[in-house]
Amino acid sequence: MRFVDIIEKKKTGHALTKAEIAYWINGYVNGTIPDYQVSALCMAIYFQGMDDQEIAWLCEAMLYSGDVMDLSKINGHKADKHSTGGVGDKTSLALAPMVAACGGKVAKMSGRGLGHTGGTLDKIESISGFHVSQSEEKFVRQVNEIHLALIGQTQSLVPADKLLYALRDVTATVNSIPLIASSIMSKKLAAGSDTILLDVKFGEGAFMPTPQDAEALAKTMIRIGRHFGKDTRAMISDMNQPLGNAIGNALELKEAIATLQGKGPEDFTTLCLEAGSIMLMQSELADTMDQAKTLLQKSIDSGSALDKLKAMCAYQGGDVTQIEDVSRLPQAKQVVAMRAKTEGYVKELHALQLGNLAMRLGAGRQKKTDTIDHSVGIVLNKKAGDLVHQGDVLAYIHTNHDLDESWIQDFHQAYAFAAKKVEKKPLIEKIIESS
Ligand code: URA
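All the letters of the sequence shown, read from the start, carry residue numbers 190 to 624 under our numbering.
Have a look at this one:
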């Protein structure tokens with residue numbers, strides 16, 4: 190087999206065989222196929238696409254390029270959830286304890302943030318001492334005992350994706366549905382849970398610009414999941430503005446804790462209740478969405494969901510007193526109120542721009558090797574649809590440095606106002622249970 194023939198075949202719009210896809214992934218991982226040829230193939234896939242069979246074969250080749258977690262020693266049903274990423278997306282921090290408090294088992298592997306989106310690991314590491322690397326044995330024991338664990342992906346899981354994603358990032362081939370779907374699903378399948386819930390975001394802070402694109406991606410991933418015999422469902426949700434109010438690691442953790450105390454922002458609480466309900470249904474712990482929502486609400490009202498977060502924190506070496514008293518979490522030196530210069534209804538609140546502004550404060554990484562500052566970020570006080578008077582506080586900026594003029598200018602450009610009332614858009618566009 191010659192790799193150039195495989196590139197030519199895809200370039201001219203033909204479907205690849207299972208053997209050709211396996212040859213590509215194996216050759217790339219073992220170093221016999223160079224980056225420049227794989228870049229050309231990714232670009233050909235970007236333009237020509239792949240059919241369902243090719244996507245399933247690609248996902249399979251990626252999945253078995255490394256280790257696959259064996260969670261069979263965890264008793265009962267394991268439910269996993271994945272978000273395609275966004276600004277202010279701290280869902281796992283509140284959702285996983287809620288589901289665990291209702292009897293679900295959540296053996297979660299998460300990633301770090303890069304660019305304008307934050308990573309769950311970075312957020313939970315705002316707690317001193319919390320460690321995210323653990324042996325498989327301890328991970329399994331923890332989930333059996335307290336139903337919940339949150340660790341980082343091991344290096345040995347899906348090595349093909351580590352190489353491919355880094356290459357796609359610098360060759361403008363990230364936003365291709367077959368490549369995104371196989372990348373995400375290979376990692377989810379390797380993580381070993383029984384069911385998968387996908388939160389596929391659309392909007393300017395997301396990979397997919399429109400709800401239709403997000404739905405096409407979601408359905409492709411559902412078909413992959415079903416191909417591998419996993420109950421896979423999806424939510425399509427809006428990422429044109431940040432989720433909740435907080436952007437930045439410790440600030441987002443505080444918001445997740447507030448949500449577990451019943452004091453979270455409405456949009457974020459709704460998302461957690463909806464996502465949690467689907468996960469409880471997938472785990473056969475509820476028969477209807479309403480019944481599931483009642484159970485989840487009770488886990489908030491009774492404090493049992495917050496207790497799960499504390500139990501996980503204690504198990505993983507974290508300082509539980511920082512959950513009990515969030516003022517003990519990292520705090521920025523200054524909190525600066527940003528005030529509105531005009532009057533009107535907030536028409537748009539650009540998620541991408543706010544994510545980038547938080548990154549410039551130190552909350553995120555531009556390169557993988559950058560270190561992050563857990564204390565800094567943005568807490569929004571006005572969101573899309575809100576009426577704002579001149580001088581009202583739009584947001585509080587938590588910073589360790591004086592803000593420079595260009596940062597302040599960019600902040601104001603993240604908001605667009607309208608004179609007339611703007612309808613608030615629903616956060617969750619759709620729930621998809623089959624493709
Ligand atoms: N997230 C992933 O894990 N992979 C992609 O290709 C895009 C988003």
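Every residue, glycine too, gets a C-beta built ideally from N, C-alpha and C.
Simplified DSSP state of Glu334, which is helix, strand or coil: The answer is helix: DSSP assigns Glu334 an H, G or I state.
Cβ neighbour criterion (16 or more within 10 Å) applied to Met190: Burial call: exposed.
Environment of Pro431 [buried if 16+ CB atoms lie within 10 Å]: Flag for Pro431 reads buried.
Anticipated Cβ contact below 8 Å, Ile567 with Ala584, distance rounded: Yes, Ile567 and Ala584 are in contact; Cβ-Cβ is about 5 Å, under 8 Å.
Exposure label - Tyr225; buried when at least 16 CB within 10 Å: A residue is called buried once 16 or more other Cβ atoms fall within 10 Å of its Cβ, and Tyr225, having fewer, is exposed.
For review: beta carbons within less than 5 Å of any heavy atom in the ligand URA: This selection yields Ile369, Ser372 and Ile373.
Contacts around Gly437, its chain only, beta-carbon distance under 6 Å, and the 5 residues preceding and following it disregarded: These residues qualify, in order along the chain: Ala547, Ala552, Val565 and Gly566.
Sufficient close CB pairs (3 or more, under 8 Å) joining the stretch 271-280 to the stretch 389-409: Judged by Cβ distances under 8 Å, the stretch 271-280 makes contact with the stretch 389-409, as three or more pairs qualify.
Cβ distance (whole Å) where Ile630 is taken to contact Met374 below 8 Å: The question about residue 630 has no answer, for the chain in this structure spans 190 to 624.
Rounded C-alpha distance that separates Arg549 from Ala521: A straight-line Cα-Cα distance of about 14 Å links Arg549 and Ala521.
Outcome for Ala423 when other beta-carbon atoms lying within 10 angstroms are tallied against a minimum of 16: Ala423 counts as buried, since at least 16 other C-beta atoms from the protein chains shown sit within 10 angstroms of its C-beta.
Three-state class that DSSP yields for Leu432 in the structure shown: If DSSP states are grouped into helix, strand and coil, Leu432 belongs with coil.
Any 3 or more C-beta pairs closer than 8 Å across the stretch 523-534 and the stretch 588-602: At 8 Å Cβ cutoff, the stretches touch.
According to DSSP, residues forming a beta bridge with Lys270: For Lys270, which the question treats as bridged, DSSP gives the partners Leu386.
Nonlocal neighbours in the same chain, by C-beta distance under 6 Å from His320, ignoring five residues either side: Residues Gln505 and Gly506 of the same chain have their beta carbon placed closer than 6 Å to that of His320, with the five preceding and five following residues left out of the count.
Cutoff 7 Å; reference Ser365; Cβ partners in own chain excluding five residues on either side: These residues qualify, in order along the chain: Ile234 and Tyr235.
Cβ pair Lys499, Val509 closer than 8 Å: Going by C-beta atoms, Lys499 is nearer than 8 Å to Val509.
Expected contact under 8 Å - CB spacing of Met410 and Leu378 to nearest Å: No, Met410 and Leu378 are not in contact; Cβ-Cβ is about 11 Å, not under 8 Å.
Sub-8 Å separation of Lys419 and Ile385 beta-carbons: At the C-beta level, Lys419 and Ile385 come within 8 Å of one another.
Outcome for Asn264 when other beta-carbon atoms lying within 10 angstroms are tallied against a minimum of 16: By the neighbour-count rule (16 or more Cβ atoms within 10 Å), Asn264 is not buried but exposed.
Inter-residue Cα distance where the pair is Phe606 and Ile210: The alpha-carbon atoms of Phe606 and Ile210 are separated by roughly 49 Å.
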